[in-house]
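Participant:
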Amino acid sequence: MKVAYVSAEVVPYAKTGGLADVAGSLPKALEKLGCEVKIFMPKYLSIDESKFGLHYNWTIGEIPIRINGVSRYVHLHQATLPGSNVEVNFIDCPHYFNRGRIYTNDMDEDERFILFSKGVIELLQRFGWAPDVINCNDWQSALIPLFIKDNYNWDRMFDHTSTVLTIHNIGYQGRFSQSTLFSAEIRGDLYYPGGPVEFENSVSFMKAGIVFADLINTVSNKYSHEILTEEFGAGLHHTLNSRRQDVYGILNGVDYDEWNPETDKYLPYKYSMKDLSGKIKNKKFLMDHFRLPFNPDVPLIGMVSRVVSQKGFDILVSVINDLLKLDAQWILLGSGEDNYEKIFRNLSYSHPYKFASYIGFNNELSHLIEAGADIFLMPSRYEPCGLNQIYSLKYGTVPVVRKTGGLADTVKDWDEENHYGFDHGNGFSFYDYTGFALYKSVERAVNTFKHKDIWRKIQLNGMKLDFSWKKSAEKYLELYKLAKEKRG
Ligand code: ADP
Ligand code: GLC
């Protein structure tokens, strides 16, 4: 099976969230199953060419791609994904990608990813490599199915190339004004109220992907059902329902080469299920760093997250004063919306012994928090999969989550599971999206922490689980086969 895997972010080169983790690890697992995989991503300014061993491809040279009526020149850098033979193709166009950030609010944000998507197709042509499937991810590459079926359908090379759109978050749709049609050279007759590329008077990349992809999947089973509803579909539930036979859910795996307390290169003290003594040493190390007074009997609650409303920060903030009265301490790592960043900065000043925060992005620190915290909080309003709760389970850091999407598929509530036996409960969860429900489940976790034996059991129930990619990659392979059959 020949797979072109297209993503706007890929670990270790560029990351803002979980998409990068998935794009940096699923291709490796697919390769192990015998697939030939090529990754495509933009070459952002922040990607260090010498650090990652990128080399310029002289044979390909410069490819002109017309965007918004202007020919932009694209060239190619290549590297091999660490720990695999997967080829990574970096689409370079300094005009669009030499910016301070991966995603921008610039006027030409649409053009940046139109160029990226067309660049993928034009490179496949130059390679003379027709994949069996192009796996697009989120809105940034969601126009590819339309391009393959329309703009490039003259090229017989793609007659048997199928497309799969993986939706990591339906909340981000890539919506732009009508002028995008011209920039992307999308036929005007595809744009009309309720039409394949129109959504609420704008051009929607995500909608186009849903309409034109051969198959669609999301990153957990639960979320694949949720997005069909008005509550979670972010306006696209009708479109998704019209394709409901083609919508699948495959839970993300995680890369245990990167996220394993026995081998994690960022941890000063390694530990395992058999010997958890390193965990508390990491806790002390972490707390010393933040100048929080260390007390082994007081649980440390960790959060690592984009600080945006999706992640439940509105309900968290609504009860933060009550939460801070609990006998627990807090460390938060995150960046995102200004108002939340400000609130957390202020809490670090007003509660220096209870609450610490690091506002920014810091990969190394995210590993240390996973290892050093006792409890990991993810009160998301919705969560397509969520990776941090899965990392937490492996690190013996008991997750407290809202029961939605991938959080519901991975975290089993200790108290609920108790009725069925002691071997499953691995965390705490709540259903109502309210500050009160959140508070109650954090309180349950904090109280349970006092009972050392029970706590150890909950930790071990999580640590013994295996969310490595193998099983999920097999499901992707099945999905690709189906997509290929569908395309004919
Ligand atoms: P999402 O993709 O919606 O942000 P996920 O839970 O799937 O949520 O993945 C988030 C990923 O980004 C995790 O690997 C997490 O450790 C990482 N992450 C989020 N915020 C930060 C941050 N401020 N610093 C370092 N890593 C972060
Ligand atoms: C998105 C989702 C997150 C998911 C990640 C990787 O960013 O918000 O839940 O884990 O993609 O699929």
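Residue numbering for the sequence shown follows the numbering used here, starting at 24 and increasing by one per position. Using N, Cα and C, we set each Cβ at its ideal position, and we do this for glycine too. Only a predicted model underlies this, so the values are computations on that prediction, with no experimental measurement involved.
With respect to 7 Å, is the separation between the Cβ of residue 406 and the closest non-hydrogen atom of the ligand GLC below this value?
Facilitator: It does: the Cβ of residue 406 is within 7 Å (strictly closer) of some heavy atom of the ligand GLC.
Participant: Spatial neighbours of residue 477 within its chain, please: CB distance less than 7 Å, with the 5 preceding and 5 following residues excluded, ordered by chain position.
Facilitator: The answer, listed in chain order, is 471.
Participant: Do residue 25 and residue 155 come within 8 Å of each other at the CB atom, strictly closer than that value?
Facilitator: Yes; because the gap between Cβ atoms is below 8 Å, this pair is in contact.
Participant: Can you give me the C-alpha to C-alpha distance between residue 169 and residue 390, rounded to a whole angstrom?
Facilitator: Cα to Cα, residue 169 sits roughly 39 Å from residue 390.
Participant: Assuming residue 203 and residue 125 form a contact by the criterion Cβ under 8 Å, report the distance between their Cβ atoms to the nearest whole angstrom.
Facilitator: Wrong, their Cβ atoms sit about 20 Å apart, outside the cutoff.
Participant: If I'm right that residue 395 touches residue 306 with Cβ under 8 Å, what's the distance once you round it to whole angstroms?
Facilitator: Right, their Cβ atoms sit about 4 Å apart.
Participant: Reducing DSSP to helix, strand and coil, say where residue 326 ends up.
Facilitator: If DSSP states are grouped into helix, strand and coil, residue 326 belongs with the strands.
Participant: Terminal residues of the continuous beta strand (DSSP E) containing residue 353?
Facilitator: Note, residue 353: beta strand (DSSP E), 352-359.
Participant: Between 178, 179 and 136, which has its C-alpha nearest residue 206's C-alpha?
Facilitator: With distances taken between Cα atoms, residue 206 lies closest to 136.
Participant: Starting from residue 262 and walking both ways along the alpha helix (DSSP H), at which residues does that stretch end?
Facilitator: Here the alpha helix (DSSP H) through residue 262 covers 260-265.
Participant: Quick one, which of 148, 108 and 164 has its alpha-carbon nearest residue 175's?
Facilitator: Nearest C-alpha to residue 175: 148.
Participant: Let me know the beta strand (DSSP E) ranges lying completely inside the region 152-225, each 3 residues or longer, listed in chain order.
Facilitator: Those beta strand (DSSP E) runs which fall completely within the region 152-225 and span 3+ residues are 156-160 and 185-190.
Participant: Contact between the region 457-464 and the region 405-414: three or more CB pairs below 8 Å?
Facilitator: Cβ pair count under 8 Å is below three, so no.
Participant: Can you give me the C-alpha to C-alpha distance between residue 42 and residue 491, rounded to a whole angstrom?
Facilitator: Approximately 16 Å between the Cα atoms of the pair.
Participant: Going by the C-beta, is residue 410 closer than 7 Å to any heavy atom of the ligand ADP?
Facilitator: Yes.
Participant: For residue 432, which residues of its own chain have a beta-carbon under 7 Å away from its beta-carbon, when the five flanking residues on both sides are left out?
Facilitator: Correct list, in chain order: 243, 244, 245 and 274.
Participant: Any heavy atom of the ligand ADP within a distance shorter than 7 Å of the CB on residue 329?
Facilitator: Because some heavy atom of the ligand ADP lies under 7 Å away, the Cβ of residue 329 counts as near it: yes.
Participant: With C-beta atoms as the reference, is residue 358 less than 8 Å away from residue 335?
Facilitator: No, the Cβ-Cβ distance between residue 358 and residue 335 is not below 8 Å.
Participant: Would you call the CB atoms of residue 503 and residue 270 closer than 8 Å?
Facilitator: No. Outside cutoff.
Participant: Kindly list the residues whose CB is nearer than 8 Å to the CB of residue 105, restricted to its own chain and excluding five residues on each side of it in sequence; keep chain order.
Facilitator: Only 35 meet the Cβ criterion.
Participant: Helix, strand or coil: which one does DSSP assign to residue 125?
Facilitator: Here residue 125 sits in coil by DSSP.
Participant: Quick one: Cα of residue 53 to Cα of residue 493, how far?
Facilitator: Cα to Cα, residue 53 sits roughly 8 Å from residue 493.
Participant: Would you grab the beta carbon distance between residue 388 and residue 356 for me? Rounded to a whole angstrom, and I think it's under 8 Å.
Facilitator: Their Cβ separation, rounded to whole angstroms, is 6 Å, which keeps residue 388 and residue 356 in contact under 8 Å.
Participant: Under 7 Å: does the beta carbon of residue 192 sit that close to some heavy atom of the ligand GLC?
Facilitator: The answer is yes for residue 192.
Participant: Would residue 425 pass as an interface residue toward chain D - the criterion being a Cβ-Cβ separation below 8 Å?
Facilitator: Included in the structure is just one protein chain, with no chain D present.
Participant: Going residue by residue through the region 238-315, where are the continuous alpha helix (DSSP H) segments of at least 4 residues, counting only ones entirely within it?
Facilitator: Here the runs fully enclosed are 244-249, 260-265 and 300-312.
Participant: Just to check, is the beta-carbon of residue 213 closer than 7 Å to a non-hydrogen atom of the ligand GLC?
Facilitator: Result no, Cβ not under 7 Å from the ligand GLC.
Participant: For residue 76, which option in 94, 91, 101 and 108 has the closest C-alpha, if you only look at C-alpha atoms?
Facilitator: For residue 76, the nearest C-alpha among the options comes from 101.
Participant: Thinking C-beta only, is residue 398 closer than 8 Å to residue 448?
Facilitator: Going by C-beta atoms, residue 448 is not nearer than 8 Å to residue 398.
Participant: Mapping the DSSP letters down to three states, classify residue 320 as helix, strand or coil.
Facilitator: It is coil, neither helix nor strand.
Participant: Within this structure, are the beta carbons of residue 141 and residue 88 separated by less than 8 Å?
Facilitator: Yes, these two residues count as a Cβ contact at 8 Å.
Participant: Measuring CA to CA, which of 329, 340 and 370 is closest to residue 386?
Facilitator: Residue 329 is the option with its Cα nearest to residue 386.
Participant: Is the beta carbon of residue 247 sitting closer than 8 Å to the one on residue 196?
Facilitator: Result no, Cβ atoms of residue 247 and residue 196 do not sit closer than 8 Å.
Participant: Checking the sheet assignment: what are the DSSP bridge partners for residue 374?
Facilitator: Bridge partners of residue 374: none, in fact.
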